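S.K.: One structure follows; several queries about it will come next.
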Amino acid sequence: METIVDLANFIKSNNSHTLLEMQSMLKKRLGAGFKVNKLDHDSEYEGRLCISFSSQEPGTSEVKKYANGLVFEYPSGKVLSIPNQRITSFPSKTQISDNFLFYDIINGSTVTLYWYGGWRISTTNGIDMGGVSWIGNKTYGCLLYEIAEKCGIKNIYNDSRLDRNCSYTCILYAREYHLISQLPDKLYFISAHNCASVNNGNTVVNLPIPAGLPMQIPREFKMRKGGMNKTEYVNMQIRSSTKMFLRNGSLNLGYIIRSGNNGDCYMLESDLMRVIKRMTHEMPRDRDMRVNADNRLLYIALRAFLNPLYKDLYLKLNPSAGELYIKFASFVNSLLSKILLILMQNSLPKIIYDETPLSMDMIALEISHKMTECGASSNKSIDIIKDSLLSPDKLPIYFKYLSAHENN
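Under our numbering, the residues of the sequence shown are numbered 1 to 408, in order.
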């Protein structure tokens, strides 16, 4: 079974190729499920490579186990960043024993700090993410610095406890990025690995987190005597998490389950966590919907607003979205007024497409044409027409307009 050293030696022994060619060679060598990203340097023969494995399949080799954003230098083959091992789904029907350690899932970003002429940030699919933004203008690098400072680390990029021969994986949670107001901004170190040791031919060993750096404390379950066992109790919690959150605000996103220092890591997501991922993590496949750092928050909130299953839940998770909801409601009401005026005409004006920015009049006219094709008229109930305007299928055209007029 392939080790990280084997992969490093393969890169080193084939370093006469371009970085692009090496990317292709690695994809072929690693096979299905693996993703290889590259970051070019000054020459097409120099750069960095990032390897990840997308499947929930358990790690049957060292490479597959740590293919969660493994970063190599090219052409040297040097290992730069070893992330926390991949987290797989908890095997069904497994009985939970006292040997497992439970940690609350935090809906944050997993980032790895590694030294490359300075402390760099890698992610599952990103090689140098310090200057990249997810939502708004604040970059991962800036966010990590600010949250670390809140957690008592004066300057994380100049902290003497961090060894330049090692890489350190953290869970970073920031309300402005991850959109759950009930959780405080937080940083937890979850793993450390000595990359220099691996470059000397050794296997990966999980190192202790340096003393004084923030770490997440395992959860303890207080079980009642004669009650349900731990397996039943945990499964009951994660199945009813959405209902409990809406009822009393208690937040349970599920658990990361670890077995021993170098053992496997499993994820047991609650139903609430799965809903949150659908609301906030999934981005559109339609390339015309150009979601970026500047409009991502708008997209997430608009999608929730138009979905009756998510509308109230998202607002409860992120009350600051209330201002956007008011804006969306005003937009829909204005659109409704325009559509009613159009439907009162004997014949609808023709739709003329041009290169000018999409206008509300154009949206109203386009929707009116579709409504008349379905037999709609101004005599139809206003509530019925308004309900059709609040349908999830309106997301693409609304987003296109609102993102273009966001500052108006």
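Just so it is clear, CB atoms sit at the ideal spot from N, CA and C, and this is done for glycine as well. All of these numbers come straight from a predicted model, not from anything done at the bench.
1. Mind checking which residues open and close the alpha helix (DSSP H) that includes residue 54?
2. With residue 403 as the anchor, note down where its beta strand (DSSP E) starts and where it stops.
3. Which whole-angstrom value describes the C-beta separation of residue 314 and residue 304, a residue pair presumed to lie in contact below a C-beta threshold of 8 angstroms?
4. Pick from 242, 216, 307: whose alpha carbon is nearest that of residue 105?
5. Take every Cβ of the stretch 137 to 149, pair it with every Cβ of the stretch 49 to 69, and state whether three or more of those distances are shorter than 8 angstroms.
6. Which residues mark the beginning and the end of the alpha helix (DSSP H) in which residue 303 is found?
7. Do you know offhand how far residue 120's Cα is from residue 27's?
8. Below 8 angstroms between beta carbons: does that hold for residue 183 and residue 144?
9. How is residue 215 classed by DSSP in three states: helix, strand or coil?
10. Give the range of the beta strand (DSSP E) segment to which residue 109 is assigned.
11. Can you look up residue 123 in the DSSP assignment and give me helix, strand or coil?
12. I need the straight-line Cα distance from residue 343 to residue 402, nearest angstrom please.
13. In or out: residue 132 buried (at least 16 other Cβ within 10 Å) or exposed?
14. For the structure I just gave you, are there three or more beta carbon pairs, one from the stretch 290 to 310 and one from the stretch 156 to 165, closer than 8 angstroms?
15. What number of angstroms, rounded off, separates the C-alpha of residue 168 from the C-alpha of residue 309?
16. Hey, does residue 388 have any beta-carbon neighbour from chain D nearer than 8 angstroms?
17. Among 259, 278, 5, 238, which one has its Cα closest to the Cα of residue 204?
18. Would you mind working out which of 32, 1, 47 sits nearest residue 18, comparing C-alpha positions?
19. Which whole runs of the beta strand (DSSP E) in the stretch 20 to 77 are 3 residues long or more, in chain order?
20. Consult DSSP for residue 311 and reduce its assignment to one of helix, strand or coil.
21. On the DSSP bridge list, what partners appear for residue 186?
22. Going by DSSP in three states, residue 259 sits in which element: helix, strand or coil?
23. Should residue 339 and residue 107 be called a contact, given that it needs their Cβ atoms to be closer than 8 angstroms?
24. Nearest CA to the CA of residue 254: which residue from 248, 246, 236, 285?
25. In three-state terms, what does DSSP make of residue 410?
26. Tell me the DSSP bridge mates of residue 195?
27. Would you give the residue range spanned by the alpha helix (DSSP H) that residue 273 belongs to?
28. I believe residue 147 touches residue 296 by the beta-carbon criterion, under 8 angstroms. Please report the beta-carbon distance rounded to the nearest angstrom.
29. Are the Cβ atoms of residue 22 and residue 74 separated by less than 8 angstroms?
30. With 16 as the cutoff for other CB atoms within 10 Å, does residue 90 come out buried or exposed?
M.R.: Concretely, from the data shown:
1. Element bounds for residue 54: n/a, residue is neither H nor E.
2. Run containing residue 403: none in the beta strand (DSSP E); it sits in the alpha helix (DSSP H), 395 to 404.
3. 4 angstroms
4. 216
5. no
6. 296 to 305
7. 24 angstroms
8. no
9. coil
10. 109 to 115 is the span of the beta strand (DSSP E), which, as asked, contains residue 109.
11. Residue 123 falls in the coil class under three-state DSSP.
12. Straight-line spacing of the CA atoms in residue 343 and residue 402 works out to 24 angstroms.
13. exposed
14. no
15. Annotation: residue 168 to residue 309 spans about 38 angstroms, alpha carbon to alpha carbon.
16. The structure shown has no chain D; it contains just one protein chain.
17. 5
18. 47
19. 34 to 40, 47 to 53, 68 to 74
20. helix
21. 173
22. strand
23. no
24. 236
25. This structure leaves residue 410 out entirely; the chain is present only between 1 and 408.
26. Answer is none; residue 195 lacks a bridge partner.
27. Secondary structure note for residue 273: its alpha helix (DSSP H) is the uninterrupted segment 271 to 280.
28. Wrong, their Cβ atoms sit about 19 angstroms apart, outside the cutoff.
29. yes
30. buried
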